[in-house]
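Single-structure report; data block below.
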Amino acid sequence: METEHRKIIHVDMDAFFASVEQLDNPSLRGKPIAVGGSEKRGVIAAASYEARKFGVRSAMSSALAAKKCPDLIFVKHRFDRYKEVSAQIREIFLEYTDLVEPLSLDEAYLDVTANWQNHSSATEIAREIRGKILERTGLTASAGISINKFTAKLASDINKPNGQKTIKPAEVIPFLEKLLIKDFFGVGKATAEKMKSWGIFNGYQLKQHSLAFLKRNFGKSGEHYYHIVRGIHNSPVRPNRTRKSIGTERTYSQNKTSQAEVLEGLLVIAHELENRIAGSKKIGHTITLKIKFSDFTIQTRSKTVDLALSKKDDFWPIVVDLVEENPTKKSIRLLGLTLSNLSDIQQETIQQEAQLKLTF
Ligand code: DCP
Ligand code: CA
Ligand code: CA
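Heads up, the sequence shown is in our numbering, so the first residue is 92 and it goes up one at a time.
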């Protein structure tokens, strides 16, 4: 039955470092680029899809890459910028579930079984998340949707870049039977060679061997292979942090100079914040106003109240106070609002909503 299965999404950004560089520097778009390394030394961290056509890959030596693709452009990496994007996508994931397990800057597992926002399917959630990633970061991501982390991760590669793939419960077994041994998690070269020598090339052939046989030959890993090829992979999505704040901000193409303009801008932001709070199933006690001036200096002002804040009507008067108590003379290029001091809204409400049906 559908409801017995968890709904796991694996999201992975496309050509992450390279795509960020092409986003920030339009002259690099559509061109073969490599991030990290230089013409002469080092290894490449990331290659744009244009560079991959020439066979350029992550971890390849720069010298070999330059040989394969003579027009390859080498770009320096900017980790702070990748971290910034990583935080942005994390924020999006957390709008759908607390169960977010990042694997690296550009990918994470999400367990969306509880279905916070009453979506019709996990597939739909993944599509929405990819849409938000594109909208807020300007970058594309791919996703895999399935019953466990293992199949979800494999699925996210199938329609990459800028695509997604759902492997439904009934499709998991046939998918795993066709899967090549080298693509099974944690099957190293030596193990794959050993299996080949016994005529095991795919999941179906792996399944013909007993648990005892696999344990005898591969120890604990053998047991893991036995289960995984049967679609059994119970490893939970382990969140490595709980959310401390919910925030949203906007940069304006035209600086804001009057208090009326500032309040007008903040009203839009307050609406969006309310939506994000609703998605997070949290309440908070502190509202922070962030202002970036046209000279790029930043100011934050906060107020903490006893009232449990989640609705715009409740926190808007606080925002107005924060603006009015210290009128500013300088022109403003960015405004932001953050709710912090968070706690979960009542457990019973969450449980009720978790019962809303979610299918694949
Ligand atoms: N990375 C790195 N060294 C590696 C592999 C990757 O520094 N050996 C960095 C650069 C990548 C980022 O991590 O952009 C994410 O790695 P992925 O394996 O997810 O690869 P990409 O995102 O670059 O491409 P894909 O579209 O295949 O996911
Ligand atoms: Ca990636
Ligand atoms: Ca990745």
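C-beta atoms are modelled at their ideal positions from N, C-alpha and C, and glycine is treated no differently. These numbers were taken from a predicted model, which means no experiment stands behind them.
Boundaries of the alpha helix (DSSP H) harbouring threonine 282: 280-288, taken from the DSSP string. Under the DSSP assignment, asparagine 346 falls in the beta strand (DSSP E) whose first and last residues are 336-347. In this chain, the beta strand (DSSP E) harbouring proline 193 covers 191-195. The shortest C-alpha to C-alpha distance from valine 320 to any of Ile374, Val263, Gly310 and Lys335 is the one to Val263. A distance criterion of 7 Å places the beta-carbon of glutamate 198 in contact range of ligand 3, judged by its closest non-hydrogen atom. In the DSSP assignment, tyrosine 200 falls within the unbroken beta strand (DSSP E) covering 198-202.
DSSP, reduced to helix, strand and coil, places alanine 399 within a strand of the structure shown. Taking a C-beta distance under 8 Å as the contact criterion, threonine 242 and phenylalanine 266 qualify as a contact pair. Histidine 96 is positioned such that its CB atom lies no closer than 8 Å to that of alanine 246. In this model, aspartate 162 and serine 422 are separated by some 44 Å (Cα to Cα). Shown here for valine 111: same chain residues with a beta carbon closer than 8 Å to its own, the five before and five after excluded, namely Arg169, Arg172, Tyr173, Val176 and Leu230 in chain order.
Counting only the Cα atoms, leucine 225 lies some 20 Å from alanine 138. With a cutoff of 7 Å, aspartate 105 counts as near ligand 1, since its C-beta is closer than that to a heavy atom of the ligand. Set against 7 Å, the gap from the CB of serine 195 to the closest heavy atom of ligand 3 is smaller. Judged by DSSP secondary structure, aspartate 103 falls within the beta strand (DSSP E) whose first and last residues are 99-104.
Remark: the shortest separation between the CB of lysine 287 and any heavy atom of ligand 1 does not fall under 7 Å. Excluding its 5 nearest sequence neighbours in each direction, leucine 400 has C-beta neighbours in its own chain below 7 Å: Ile374, Gly375, His376, Ile378, Phe406 and Leu430, listed in chain order.
Between ligand 1 and the CB of proline 252, the shortest heavy atom gap is smaller than 7 Å. Distances from the alpha-carbon of glycine 370 to those of Gly279, Lys306, Arg392 and Tyr187 put Tyr187 closest. In the three-state DSSP reduction, serine 247 falls in the helix class (H, G or I).
Fewer than three Cβ pairs drawn from the segment 328-338 and the segment 387-396 lie within less than 8 Å of each other, which leaves the two stretches out of contact. Spanning the alpha carbons of cysteine 160 and glycine 133 requires a straight line of approximately 16 Å.
A distance below 8 Å separates the beta carbons of proline 330 and aspartate 189.
Within 10 angstroms of the beta-carbon of glutamate 141 lie 16 or more other beta-carbons, which makes it buried.
Assigned with DSSP and collapsed to three states, asparagine 366 falls in helix. Closest by C-alpha distance to arginine 341, out of Val328, Ser326 and Leu357, is Leu357. For alanine 205, DSSP records no beta bridge to any residue.
The beta carbon of proline 252 is closer than 8 Å to those of Asp105, Ala106, Tyr140, Thr231 and Ser233 in its chain, skipping five residues each way along the sequence. Residue burial is scored here from C-beta neighbours: glutamate 192 has at least 16 other C-beta atoms within 10 angstroms and is therefore classed as buried. If you look at histidine 315, you'll find it in the alpha helix (DSSP H) that goes 302-319. At the C-beta level, histidine 210 and leucine 425 stay beyond 8 Å of one another. Here asparagine 293 is bridged, per DSSP, to Leu271.
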